[in-house]
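First up is the structure itself, then whatever we jot down about it.
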Amino acid sequence: MVAIATEPLEVQLQRRATARLLESRLQLNAALYDTRVLAGTSMRRFWLFALISALGGFGAFLGSILGNAAGKTGLFVGALLGGAIAVALGVRLAARLALVPRTRIAHATLGALGGFALAALVALNTLSSPVGPVLSVALIGLGAVFGAVRGPSGASNRVV
């Protein structure tokens, strides 16, 4: 007969208790994390909207100033490139600030770039009035929020 070396009953019970404690701590941490993510969702969306709108408008402004040296066409191209770069970098910054989940960066970027394209169209068609170009900047932030929240239908992380 072969003797099987087993641990004393005390050691087995202690290991089970430690495993249960660790599991309950992990569940508690997950519950706290979920609560923190869900709390303030509307504020996160507001700050995402504000950040991307401001950065997109500022990037277009700086790009148009730099592009103005190349003439009227350079002004428009500079505004488009400056705004697009600022929007893409702004979504990355928003992800670092936990305004966009890491799984939604691409969606938020595409939404913000789509909003920027619409804002550029609105701004070009309302150049005679100062109100149109200024209000069109809101489309950039709306696109970012829509992209971060909506995304494709199969996306799993909808919290922003």
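Counting in the working numbering, the sequence shown runs from 20 upward without gaps.
Each residue gets a CB set at the ideal place from its N, CA and C atoms; glycine is no exception.
Can you say whether residue i is buried or exposed, counting buried as having 16 or more other CB atoms within 10 angstroms of its CB?
| i | result |
| --- | --- |
| Leu-28 | exposed |
| Gly-90 | exposed |
| Arg-35 | exposed |
| Ser-83 | buried |
| Val-119 | buried |
| Ser-148 | exposed |
| Arg-39 | exposed |
| Val-30 | exposed |
| Arg-121 | exposed |
So for residue i, helix, strand or coil by DSSP?
| i | result |
| --- | --- |
| Val-156 | coil |
| Val-164 | helix |
| Glu-29 | helix |
| Arg-169 | coil |
| Arg-55 | Annotation note: pLDDT 47 at Arg-55 (below 50); position unreliable, coordinate value reported separately. Looking at Arg-55 - three-state DSSP - the assignment turns out to be helix. |
Would you mind listing the alpha helix (DSSP H) stretches within the segment 67 to 147 that are 4+ residues and don't spill past its ends, in chain order?
91 to 115, 124 to 144
Do the segment 155 to 164 and the segment 75 to 87 meet, that is, are 3 or more Cβ pairs less than 8 Å apart?
yes
Are three or more beta carbon pairs between the segment 104 to 111 and the segment 139 to 148 nearer than 8 Å?
no
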